[in-house]
Amino acid sequence: MPVASLTDILVPARAEGRAVMGAVVLGWEDAEAYVAAAEEVGCPIILQAGPKFRETLPVAISGLMFRTLGEAAAVPVVAHVDHAKSIDECRAGIDAGFTSVMYDGSALPVDDNIATSRAVVDLAHRHGVSVEAEIGFVGYHSGAGSQMTDPGEAGRLASESGCDALAISIGNVHLQTDAMAKIDL
44 MPVASLTDIL VPARAEGRAV MGAVVLGWED AEAYVAAAEE VGCPIILQAG
94 PKFRETLPVA ISGLMFRTLG EAAAVPVVAH VDHAKSIDEC RAGIDAGFTS
144 VMYDGSALPV DDNIATSRAV VDLAHRHGVS VEAEIGFVGY HSGAGSQMTD
194 PGEAGRLASE SGCDALAISI GNVHLQTDAM AKIDL
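Quick note: the sequence shown uses the working numbering, first residue 44, plus one each step.
Put into structure tokens, the structure is as follows:
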């Protein structure tokens, strides 16, 4: 099956009222396991190449790895660059065959985040690649606290950048170990 873009899987998922798992990949073995699990339950999967993964494996190789797994899969697989901090990082992912990139401008003033996200969208969409933008900051259980997303700023980023998906912070944290989250919808 050809690898999918984020839009290819999120639009039907939303219409069907279901979520799609985004799995942070650390190597071949876990990426292969994520795809096998997705096939077992008949659901699409987003394979995410985060910053630490990209530090240890060149983007060109990880792009090929994700595409190889996706093309052999019986379910849609998105090859996603996660938390790219620059247009150049997004461009490298696009050139390596990723079908989705996340531009993380969450540390920037909102106007700068919108402008750079728009530039990434323009670049990515010319290549048929979807874009996730980010606003707010999802903290860590035992580290940096979350910065909640302002709904008005999120609306501006989504509409003015033309992004396909938006990462927001609503009280969720990475590496949560508590039984209950403090989510503010």
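Glycine is no exception: its CB is placed at the ideal position from the N, C-alpha and C atoms. Predicted model, so just to flag it, every value in this text is computed and none were measured.
Secondary structure, beta strand (DSSP E): runs of 3+ residues fully inside the stretch 124 to 175: 143 to 146
Which two residues bound the contiguous beta strand (DSSP E) that contains Val67? 64 to 67
Spell out the partners DSSP gives Ala122 in its beta bridges. Ala122 is bridged to Leu90.
So, at 7 angstroms on beta carbons, what are the nonlocal neighbours of Asp232 in its own chain, with the 5 sequence-adjacent residues on each side left out? Residue 232 lies beyond the range of the chain shown here (44 to 228); nothing can be said about it.
Pull up the distance between the alpha-carbon of Ser160 and that of Met191, whole angstroms please. Distance between the alpha carbons of Ser160 and Met191 is about 19 angstroms.
Within the same chain, show all residues whose beta-carbon is closer than 8 angstroms to that of Ala197, passing over the 5 residues directly before and after it, in chain order. Ile178, Gly179, Leu209, Ile211
Tell me, which residues are paired with Ala208 by DSSP? Glu175
Is Val63 closer than 7 angstroms to Pro87 when the C-beta atoms are compared? yes
Excluding sequence positions up to five away, which residues of its chain have a Cβ less than 6 angstroms from the Cβ of Ala139? Val102, Ala103, Gly106
With contact counted as at least three CB pairs below 8 angstroms, one residue from each stretch, are the stretch 74 to 90 and the stretch 162 to 178 in contact? Using a Cβ-Cβ distance cut-off of 8 angstroms, the stretch 74 to 90 and the stretch 162 to 178 are not in contact, since fewer than three pairs of beta carbons, one from each stretch, lie closer than that value.
Leaving aside the five residues before and after Asp246 along the sequence, list all residues of the same chain whose C-beta is less than 6 angstroms from its C-beta, in chain order. Summary: the structure shown does not reach residue 246, with the chain confined to residues 44 through 228, and so no result is reported for it.
Comparing alpha-carbon positions, which option in Gly195, Ala167, Ala122 lies nearest Ile130? Ala167
Suppose you measure from the CA of Thr142 to the CA of Ala122; what does that come to, to the nearest Å? 5 angstroms
So, with DSSP's three-state summary, where would you put Ala47? strand
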